[in-house]
Each structure stands twice: as C-alpha cells, then as structure tokens.
Amino acid sequence: MAQVCSVRASLGAYPESDRHFGNHGTVIGYRYTRTFSFVYAFQSAFPCKGTEALQPFAFEGTCPHVKPNKASGKYFAGAIRNGHWYVVAPKIGSLKQWSNFEPWKAYAVEGWWLDNMLKAGKLTRDTYLELAAKVNIGFQKRLMDVRASERYEKELTVHAAIAAEEAKLQAQLLPMNDFAEVDLSVSYFDGEARFRRPLRPVETLLRPC
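Quick note: the sequence shown, position 19, residue 19 per full-length UniProt numbering, numbers continuous.
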C-alpha cells in the first residue's frame, strides 16, 4: 500500500468546532492543517452505492469530496501519480511532506502538473521554477513566462506609484492663467500657416530680476 502524508500550516485560526474535511481529506484544525491520503486495495466491493458509500469516511457529518475516476490504462496510472504528487508537492504553507512513493524515483513528474498548481496559487514562483528545472523538458518556456509576469507586475507597480504621486500633486496645482501676449502670438499663425516657415520652439528660462 502506498502512503503519503503532508502537514501544512493553516492560513487562519479556526475554532475546534469548525473543523471539517475538505478536498483530498484535508482536516482543518485549530493551528495547522493535516492532509492524509491513502490508497487502499479492497478485497470486496462496498455494500453501499452513491453518497452512502462515503459515510464510513464522514467527519462530524461532513463527507470528503470524492469523484469517480473514469480513466483507464496509462491514464489511470497517471491520475494516481498526479494524486500522489499533489499531496507531497511543496505547496505554499507546507511544513512537512513524506511518502514511500517518492516523485522522480517511483514515477516521473509531469510539467503540466506544476503549471496547474501555479495557476491555482498552490506554488510560489521560485518553487515552481525549481521544480520545473528538475522536470527539464519545457523549462526555458516556463522561465520566460515567469520572468515576463514579473516584469509586467513591476510595470504595474511603477504606474500605480506614479498615479499616487500625481494625485498628491493635483491638489497643489494652480489654475492656468491667460495672457493676452500669448493669445496675440498664437493668432499670427491662423489662416495660411502652411505657407509660412516653421517656427522653431525656443525655451527661455525666466529668472527674477
């Protein structure tokens, strides 16, 4: 029987009365979260069908989330390995992982497993790149995607900082003044301006006399 165990830190403090089973048999406790997943080989079929078959695994009236595996052949084996990998993967908040069915030794890790976990917010980018380097295949593309995302987020941060400074300065701006001399100079360029020689802009630094 293959066994896997993962202990993860809880994202929040939950009272003992609110403990419940989540996906993959996750028990959310008072200070920490423990995830235990076991693969059993039953000698005979369950006497119950449907949701009644999950009652032996109920915890305080809550049954685990279970879906039937419709895969067969190599796809069935891949689904089992994917499930083992999900438990032992160094997810955000993980404190300890253990398994006697180790990845990269007992089975190969697929790159798209990492992609899905990153999209779901289960992995940090540094952990994602570290694992992607071990997968090797497709690492360059994944590295470029992560770096592009980081550059884009930095640009957004810069734009947000500029917008915040502009908002602070907006209250300090004085109203625009109209000068008759400027209006007169602009009026000289009305009409057949295309026949006149272009005027080169001249910058003048005005200083107090």
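We put the beta carbon where it would ideally sit given N, CA and C, even for glycine.
For residue i, which option in the options has the closest C-alpha, if you only look at C-alpha atoms?
| i | options | result |
| --- | --- | --- |
| residue 98 | 87, 61, 128, 165 | 87 |
| residue 89 | 117, 73, 75 | 117 |
| residue 75 | 53, 110, 160 | 110 |
Can you have a look at residue i and say buried or exposed, based on whether 16 or more other CB atoms are within 10 angstroms of its CB?
| i | result |
| --- | --- |
| residue 184 | exposed |
| residue 176 | exposed |
| residue 84 | buried |
| residue 94 | buried |
| residue 148 | exposed |
| residue 173 | exposed |
Specify the secondary structure class of residue i as computed by DSSP and reduced to three states.
| i | result |
| --- | --- |
| residue 94 | strand |
| residue 75 | helix |
| residue 188 | coil |
| residue 103 | strand |
| residue 213 | In the structure as shown, the chain starts at 1 and stops at 209, and residue 213 therefore has no counterpart that could be examined. |
| residue 59 | strand |
| residue 172 | coil |
| residue 70 | coil |
| residue 156 | helix |
| residue 15 | At residue 15 the pLDDT is 38, less than 50, meaning the model places this residue with poor confidence; the figure from the coordinates comes in the next sentence. DSSP places residue 15 in coil when its eight states are reduced to three. |
| residue 37 | Confidence is the limiting factor: at residue 37 the pLDDT is only 43, short of 50, which leaves the residue's position unreliable, though a coordinate-based value still follows. Strand at residue 37. |
| residue 80 | helix |
| residue 110 | coil |
| residue 183 | helix |
| residue 136 | coil |
| residue 177 | coil |
| residue 148 | helix |
| residue 89 | coil |
Taking 7 Å as the limit between beta carbons, can you name the residues of its chain near residue i, skipping five residues before and five after?
| i | result |
| --- | --- |
| residue 218 | A question about residue 218 goes unanswered here, because the residues of the chain that appear run from 1 up to 209. |
| residue 165 | none |
Which same chain residues, not among the five before or five after residue i, have their C-beta less than 6 Å away from its C-beta?
| i | result |
| --- | --- |
| residue 189 | none |
| residue 18 | The pLDDT assigned to residue 18 is 37, lower than 50, so where the model puts this residue is not dependable; a value taken from the coordinates is nonetheless given after this. Answer for residue 18: no residue qualifies. |
| residue 153 | none |
| residue 214 | This structure cannot speak to residue 214, because the chain is shown only from 1 to 209. |
| residue 139 | 132, 133 |
| residue 123 | 117 |
Below 8 Å CB to CB, which residues in the same chain sit around residue i once its five sequence neighbours on both sides are set aside?
| i | result |
| --- | --- |
| residue 210 | Past the boundaries of the shown model lies residue 210; the chain is included only from 1 to 209, so the question cannot be answered. |
| residue 146 | 125, 128, 129 |
| residue 115 | 142 |
Could you tell me how far apart the beta carbons of residue i and residue j are, in whole angstroms, since I believe they sit closer than 8 Å?
| i | j | result |
| --- | --- | --- |
| residue 113 | residue 134 | The Cβ separation is near 12 Å, so there is no contact. |
Please find out if some non-hydrogen atom of the ligand HEM comes closer than 6 Å to the beta-carbon of residue i.
| i | result |
| --- | --- |
| residue 136 | In the structure on display, the ligand HEM does not appear, and there are no ligands present to speak of. |
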